[in-house]
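Per UniProt numbering, the sequence shown starts with residue 1, numbered consecutively.
Beta carbons are placed, not taken as given, at the ideal position from N, Cα and C, and that holds for glycine.
First comes the structure, then the notes that go with it.
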Amino acid sequence: MYMQGERVICGSFGTRFQQILHMDRIPDSKGKVCVTGAAGFLASWLIKRLLLSGYHVTGTVRDPGNEKKVGHLRRLEGAKERLRLVRGDLMVEGSFEEAVMGCDGVFHTASPVLGRSTTDPKGEILQPAINGTLNVLRSCRKNPSLKRVILTSSSSTVRARDDFDPRVPLDESSWSSVELCERLKIWYALSKTLAERAAWEFCKEYKIDLVTVLPSFVIGPSLPPDLCSTAADVLGLLKGETEKFKWHGRMGYVHIDDVALCHILVYERENAKGRYLCSSTVVDNDELASILAARYPSLPIPKRFEKVDRPYYELDTSKLKGLGLKLRSVEEMFDDCVASLTEQGYLTATTTTTTTTTSMLETTD
């Protein structure tokens, strides 16, 4: 779907979007790794990066024969030679053993997402997140070739608390309050917090080398044909629907390619240890709306949001910065996201002209 040559989409940022899709290949094999939830928004991009870096990749999906769900993976550069898709279900004990066996590394990105019509959030997201993570780790434990596990967690495991000094940026030592998440029904943050804590306990007991990546709100091009909840929320904002972003209040944002690169970086660096926050910018929704409305004047983006009372916070990403990863600006990530949505037909080129502006935000890289 994306491998159509270097055509310009929506001006200069469309060109950069195509450059990202046509990244340089490194043909030499770097070994064998597994990626769970392979058809997902982040996992698809991670697999793209891994293949371009020369890895042999085994990806787990619910149905390897569902071409609509996995076709975009099979069309990736290097997939024919170095990508294998196998069945894996978070809730089926032992279903990941075939996938992880013989792999040097495992990237566990799969995680349940709260549906819009969920009636049982604890049963539909909490237990699947915890049990699914432990299910994967139990399979990893049986693999004698395993060197390291990379778990995709979330910055929501750091910031969902009400007892911090807003003048001090939150870092990887911070953990969200389980009690606060339960009281305010912040189910996603709770599921990620409990799943990551369970992973650390398991890996400590069984001496598994674990590193966790904590992305903020991930923005950028989408490879899967169906929009994930994140891309759908961004599309809604670009079309003037403000409810979702209004309730975000203050939020961190990061480019999907930077998140994928972060996963690979902490896998490859022998000295990478513990947790890594991955976020470029933290911004109030009101400021974000102002930036996007000015940047895409032909789109019906509100220039201001209704003010929502959310605690002020910043994220300290100096630990990731120490590994040398430079993160893209909020303007770049939304430019690439808009170009992708246009390429997929969700936006029309005539409505996505952009105004070149100087970055209004400081990035945390």
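Check                                                                                                                         : Outcome
Chain-order list of residues whose beta-carbon lies under 7 Å from that of Tyr-312 (same chain, five-residue window excluded) : Pro-166, Arg-250
Beta-carbon gap between Ile-130 and Ala-198 smaller than 7 Å                                                                  : yes
Counterpart residues of Thr-60 in DSSP-defined beta bridges                                                                   : Val-86
Those residues which DSSP pairs with Val-106 across a bridge                                                                  : Cys-34, Val-149
CA-to-CA distance, Lys-80 to Ala-160, given in whole angstroms                                                                : 42 Å
Coarse secondary structure for Val-259, derived from DSSP in three states                                                     : helix
Range of the contiguous alpha helix (DSSP H) that encloses Asp-335                                                            : 330-343
Spatial neighbours of Met-91 in its chain, beta-carbon cut-off 8 Å, leaving aside the 5 residues before and after             : Pro-128, Asn-131, Gly-132, Asn-135
Residue burial classification, Ser-318 (beta-carbon count within 10 angstroms, cutoff 16)                                     : exposed
Outcome for Lys-192 when other beta-carbon atoms lying within 10 angstroms are tallied against a minimum of 16                : buried
Residue range of the unbroken beta strand (DSSP E) whose run includes Cys-278                                                 : 274-278
Nearest-angstrom beta carbon gap, Leu-223 and Ser-44 [assumed within contact, 8 Å]                                            : 4 Å
Local conformation of Tyr-253 per DSSP, three classes                                                                         : strand
Cβ-based burial, Arg-82 [other Cβ within 10 Å; buried from 16]                                                                : buried
Cβ-Cβ distance between Cys-103 and Lys-32 below 7 Å                                                                           : yes
Residue span of the alpha helix (DSSP H) that contains Phe-41, given as start and end                                         : 41-52
Which of helix, strand or coil DSSP assigns to Leu-190                                                                        : helix
Close-in-space but distant-in-sequence residues of the same chain around Asp-209 (CB under 6 Å, 5 per side omitted)           : Arg-148
Inter-stretch contact (C-beta, 8 Å, three-pair minimum) for the segment 169-179 and the segment 151-158                       : yes
Beta-carbon proximity list for Asp-233, same chain, < 6 Å, skipping 5 on both sides                                           : Lys-244
Where Pro-128 falls: helix, strand or coil (DSSP)                                                                             : helix
Beta-carbon proximity of Arg-304 to Ala-289, cut-off 7 Å                                                                      : yes
For Pro-215 and Val-254, believed in contact at Cβ under 8 Å, the rounded distance                                            : 5 Å
For residue 417, three-class secondary structure by DSSP                                                                      : Summary: the structure shown does not reach residue 417, with the chain confined to residues 1 through 365, and so no result is reported for it.
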